[in-house]
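**Student:**
In my numbering, the protein residues as written are 59 to 922.
#1: Taking only the alpha-carbon atoms, compute the straight-line gap between residue 842 and residue 110 and give it to the nearest angstrom.
#2: With a threshold of 16 other CB atoms inside 10 Å of the CB of residue 189, please say whether the residue is buried or exposed.
#3: I'd like the ranges of any beta strand (DSSP E) spanning at least 3 consecutive residues and lying wholly in the region 582-665.
#4: Where does residue 888 land, buried or exposed, given buried means 16+ other C-beta within 10 angstroms?
#5: DSSP has residue 396 in a bridge; who is on the other side?
#6: Can you look up residue 99 in the DSSP assignment and give me helix, strand or coil?
#7: In the DSSP assignment, what are the bridge partners of residue 167?
#8: Restricting to Cα atoms, I'd like to know which of 749, 194, 877 is closest to residue 860.
#9: From the DSSP output, read off the bridge partner residues of residue 289.
#10: According to DSSP, residue 675 sits in a beta bridge with which residue or residues?
#11: Do you know whose CA, among 567, 279, 266, 789, lies nearest residue 655's CA?
#12: Short of 6 Å in beta carbon distance, which residues of its chain neighbour residue 787, apart from the five on each side in sequence? Order them along the chain.
#13: With a 10 Å radius around its C-beta and 16 neighbouring C-beta atoms as the bar for buried, classify residue 854 as buried or exposed.
#14: If you scan the region 815-880 from start to end, which runs of the beta strand (DSSP E) of 3 or more residues do you find wholly inside it?
#15: Answer yes or no: do residue 720 and residue 679 have a C-beta to C-beta separation smaller than 8 Å?
#16: Under a Cβ-count criterion, where at least 16 other Cβ atoms within 10 Å of its own Cβ denotes burial, should residue 537 be classed as buried or exposed?
#17: Any contact between the region 868-882 and the region 897-911? By contact I mean 3 or more CB pairs, one from each, below 8 Å.
#18: Within the region 725-813, note down every full alpha helix (DSSP H) run reaching 4 residues or more, in order along the chain.
#19: Would a check of beta-carbon distances place residue 904 closer than 8 Å to chain B?
#20: Can you list, in chain order, the residues of its chain whose CB lies under 7 Å from that of residue 241, leaving out five sequence neighbours each side?
#21: Can you give the Cα-Cα distance for residue 739 and residue 777, rounded to whole angstroms?
#22: CA-CA distance, residue 314 and residue 652?
#23: Is the beta carbon of residue 639 sitting closer than 8 Å to the one on residue 675?
#24: Residue 112 bridges to which residues according to DSSP?
#25: Roughly how many whole angstroms lie between the Cα atoms of residue 308 and residue 518?
#26: So the beta strand (DSSP E) residue 184 belongs to, where does it begin and stop?
#27: For residue 232, report the span of its beta strand (DSSP E) as first-last.
#28: Hey, residue 572 and residue 596 are a contact pair by Cβ (cut 8 Å); roughly how many whole angstroms apart?
#29: Distance check for residue 918 and residue 905, CA to CA, integer angstroms please.
#30: Is the beta carbon of residue 665 sitting closer than 8 Å to the one on residue 632?
#31: Given that a residue counts as buried once 16 or more other Cβ atoms are within 10 Å of its Cβ, and exposed if not, what is residue 252?
#32: Quick check on residue 534: does DSSP put it in helix, strand or coil?
#33: Please report the distance separating the alpha-carbon of residue 300 from that of residue 646.
#34: On the criterion of 16 or more Cβ atoms from any shown chain inside 10 Å, does residue 231 qualify as buried, or is it exposed?
#35: If you drop the 5 nearest sequence neighbours on each side, which residues of the same chain put their C-beta closer than 6 Å to that of residue 76?
#36: Kindly identify the DSSP beta-bridge partner or partners of residue 156.
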């Protein structure tokens, strides 16, 4: 038994709700158990001879940008509930932690402060490590990794080389997204919907550079189709976001001959059935094709106008270019394409609403049936030809059309109305396709194109290859050496890692080229083939490479001979439960899925999806807004922990609502959570029975409450209804307190059983309080590894229920009845009650409402 403390730290006294009671001193409890856990290491997973079944629970690892914040507090509290739950259920739970420690924020912060990024990064890691241990997350601290350690990024380079060998890593010159503030390229996924950089917030522009790519598009179909494996275990909105980002379209590639050009131009279209309605072609002004067409056939005047136009286009984001309400702009290139189905000459225009990386950078324009094409045609006076009768039925017998019977479409002419006919119907003005529905026409025209050798079935994707080059210092060096003749030479595996050079003498300020190029002793190396002068690749990898496979490194983080041990992978992977923010629904998750499939194809893993189940937590807001310095609404986690205690903050996070919902800190009460924890903790002081007591001898009503909790909590946890479990715990605490104060008392075996169950339940949410209760109840630590108690099924069936007895709607009595009682028996039983007889008196009962087994109401006729 813990004696009452004579000194109370700040914040503790406010959590006492009865004078003279034991004081719940969260600060003392925390300072007592943190070193004990350091010694006990209750969450280790590499114990010799451990035969328990395994679970891998993983939280998205943090970026070391200062101390932990309220968002971290929520994410790690929720993930820890799951890890602790499965440990209680008898599993050997792997729950590791590390730091995603490369990247722009650390480099920018270091530049601003005149520091080496290493110092800034590892100082922040130490601060976060200390806070995480204080926060009592059940991590296996023997498996920590940092992606900026050479022992980790060596294996990034190994992965790159494996992909290079398979043709999945390649270098090419192309137009890329350029962040003008951070002076580096961005993958498409790192450009927000408004066209700004997710890193700096600057408007992203286009720039032509030679960069490294991973060929993720080779896996587009598998990335899309394998989402079916995740339905029911991943949030549906995340699956939808992945599907939309990959964006598979099915149609045809059509070859258009170009006058004055030996090679045709291939156009992808989802509507090859409308080929007879094409009246012009549009190419992306920032495509290689547009520049070639201008250079090799346009007049000097057009070339000058095109150069000016291209410069304007490059100032606009892709989002702006795709906006439907934006005025259409473009330039006629004085070149013509030939429609392969009817031989018509189609003028070729450059216009910014076509993107260079969509399809082949060129589209056939069918203005009558595409709104953007129509807007462009009307802006520049180009012809509009209707080839789909959208009023004709698309089912039933195909009509035999006579030209005189064609419908009058003048009232719907897009050239006049400005509204494209985008619906389905039957083809007209289309030669051999006339009278066919859309699907039949598509099949027919593809047959015609294939027979003529001018087209074929095709698929197109919104997904683009993953651009991994970054023109910054703080990242993984790319393990390639460039010969003076332009040749590429992979660094031999035995020479990995290619270490980052020291920062002394380097200018890390963003300037559009990698700072590594200025490290002359580092960048200048002999060609591994002939010893001639050569250069290391000076770019570093996108940090999403680091996080695309880190879950595998956790399985053998100290192994310096391989990226991960296949035997450990077979034991633990894939991850059973992944926990993190929905902000990573596209970027990180897509890349991790891709790399997993690559590793599967290379024979290193036996599964194709890295994360079997996914839980997304919401954001922590303040007064309806995201926390920010500019709004002055930041709540510091450290202040909340100091004032209310770790357990109170963790419990508040779990009790606030469904995990996926946002939490407004202004609407929750960590002080209330602290008071509840104090109330639960003080129950132990009133338990006077021994741990060996026979619970079956205890009060049956209290035991039913206890076993209802034991039965319901596992299903609620597995459904992520953590808030409901906390509510049930509160009910159990109240029932135990009632039994102690006004029932059988603290010596009743049922009271001990209930209080021990409270401790077991709290160990999911409030580990310090639970551990302290457990020891005071007479058990050895750690409660985390004790296990979950099964419910007694005989206590889960109600023996009686309380029926309310009313007369004219007013409660006159309550009686205990069988839950199987019928209405007639309930009525007869109630009529014999003295209280009912007195209430009815001489009045006539005109109606009896019997809702067995809960209610019976006698309605009487008012006395005259």
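No residue lacks a Cβ here, since even glycine has one placed at the ideal position from N, Cα and C.
**Tutor:** If we stick to the structure as given:
#1: To locate residue 842, count along the chain shown from 1; it is residue 784. To locate residue 110, count along the chain shown from 1; it is residue 52. The alpha-carbon atoms of residue 842 and residue 110 are separated by roughly 15 Å.
#2: Counted from its first residue, the chain shown places residue 189 at position 131. By the 10 Å Cβ count, residue 189 comes out buried.
#3: Within the region 582-665, the runs of beta strand (DSSP E) that reach at least 3 residues and sit entirely inside it are, in chain order, 582-584, 591-594, 635-639.
#4: Translated into the one-based positions of the chain shown, residue 888 becomes position 830. By the neighbour-count rule (16 or more Cβ atoms within 10 Å), residue 888 is buried.
#5: What you label residue 396 is simply residue 338 of the chain shown in a count that begins at 1. Beta-bridge pairing links residue 396 to 315, 403.
#6: Translated into positions along the chain shown, residue 99 becomes position 41. Looking at residue 99 - three-state DSSP - the assignment turns out to be coil, as it is neither helix nor strand.
#7: Position 109 of the chain shown, counting from 1, holds the residue named residue 167. For residue 167, no pairing in a beta bridge is given by DSSP.
#8: Position 802 of the chain shown, counted from the start, is the residue given in the question as residue 860. Checking every option, the nearest Cα to that of residue 860 belongs to 877.
#9: Residue 289 sits at position 231 when you count from the first residue of the chain shown. BP columns for residue 289 point to 292.
#10: Here residue 675 is taken as the residue at index 617 of the chain shown, counted from 1. BP columns for residue 675 point to 639.
#11: As a first step, residue 655 must be located in the chain shown, where it is residue number 597. Residue 279 is the option with its Cα nearest to residue 655.
#12: As a position in the chain shown, residue 787 is number 729, starting the count at 1. Same-chain partners within the cutoff: 819.
#13: Locating residue 854 in the chain shown gives position 796, where the first residue counts as 1. Around the C-beta of residue 854, fewer than 16 other C-beta atoms lie within 10 Å, and the residue is accordingly described as exposed.
#14: With a minimum length of 3 residues, the continuous beta strand (DSSP E) runs that stay inside the region 815-880 are 859-865, 868-875.
#15: Taking the first residue of the chain shown as position 1, residue 720 is located at position 662. Taking the first residue of the chain shown as position 1, residue 679 is located at position 621. Yes, Cβ-Cβ distance for residue 720 and residue 679 is below 8 Å.
#16: Sequence index remark: in the chain shown, residue 537 carries index 479 (1-based). The residue in question, residue 537, is buried, as its Cβ has 16 or more Cβ neighbours within 10 Å.
#17: Enough Cβ pairs lie closer than 8 Å, so yes.
#18: As far as the region 725-813 is concerned, its whole alpha helix (DSSP H) runs of at least 4 residues are 728-741, 758-776, 780-800.
#19: As a matter of chain content, chain B is missing from the structure shown, which is built from one protein chain.
#20: Position 183 of the chain shown, counted from the start, is the residue given in the question as residue 241. Same-chain partners within the cutoff: 529, 568, 569, 570.
#21: As a first step, residue 739 is located in the chain shown; it is residue number 681 there, counting from the start. As a first step, residue 777 is located in the chain shown; it is residue number 719 there, counting from the start. When only Cα atoms are considered, residue 739 and residue 777 end up about 27 Å apart.
#22: For this step, residue 314 is matched to residue 256 along the chain shown. For this step, residue 652 is matched to residue 594 along the chain shown. Residue 314 and residue 652: Cα-Cα distance of roughly 34 Å.
#23: As a position in the chain shown, residue 639 is number 581, starting the count at 1. As a position in the chain shown, residue 675 is number 617, starting the count at 1. Going by C-beta atoms, residue 639 is nearer than 8 Å to residue 675.
#24: Walking along the chain shown from the start, residue 112 turns up at place 54. Answer is 150, bridged to residue 112.
#25: The sequence position of residue 308 within the chain shown is 250, counting from 1. The sequence position of residue 518 within the chain shown is 460, counting from 1. Spanning the two alpha carbons is a distance of roughly 6 Å.
#26: Looking up residue 184 in the chain shown gives position 126. Looking at the DSSP string, residue 184 is not in any beta strand (DSSP E); the run it does join, the alpha helix (DSSP H), is 175-192.
#27: Residue numbering aside, residue 232 sits at position 174 when the chain shown is read from its first letter. DSSP places residue 232 inside the beta strand (DSSP E), whose first and last residues are 227-237.
#28: Numbered from 1 along the chain shown, position 514 holds the residue referred to as residue 572. Numbered from 1 along the chain shown, position 538 holds the residue referred to as residue 596. Contact annotation, residue 572 with residue 596: C-beta distance approximately 4 Å; criterion of less than 8 Å satisfied.
#29: In the chain shown, the residue the question calls residue 905 occupies position 847. In the chain shown, the residue the question calls residue 918 occupies position 860. Whole-angstrom Cα-Cα distance: 7 Å.
#30: For the purposes of this step, residue 665 is identified with residue 607 of the chain shown, where counting begins at 1. For the purposes of this step, residue 632 is identified with residue 574 of the chain shown, where counting begins at 1. Contact flag set, yes.
#31: Here residue 252 is taken as the residue at index 194 of the chain shown, counted from 1. Exposed: under 16 other Cβ atoms inside 10 Å.
#32: Translated into the one-based positions of the chain shown, residue 534 becomes position 476. In the structure shown, residue 534 adopts coil according to DSSP, grouped into three states.
#33: For the purposes of this step, residue 300 is taken as the residue at position 242 of the chain shown. For the purposes of this step, residue 646 is taken as the residue at position 588 of the chain shown. Taking the straight line joining both Cα atoms gives about 11 Å.
#34: Numbered from 1 along the chain shown, position 173 holds the residue referred to as residue 231. Around the beta carbon of residue 231, fewer than 16 other beta carbons sit within 10 angstroms, so the residue counts as exposed.
#35: Locating residue 76 in the chain shown gives position 18, counting from the first residue. Reliability fails at residue 76, whose pLDDT of 48 lies under 50, so the model's placement of it is uncertain and no value is given.
#36: Counting from 1 along the chain shown, the entry for residue 156 is found at position 98. Beta-bridge analysis with DSSP links residue 156 to 203.
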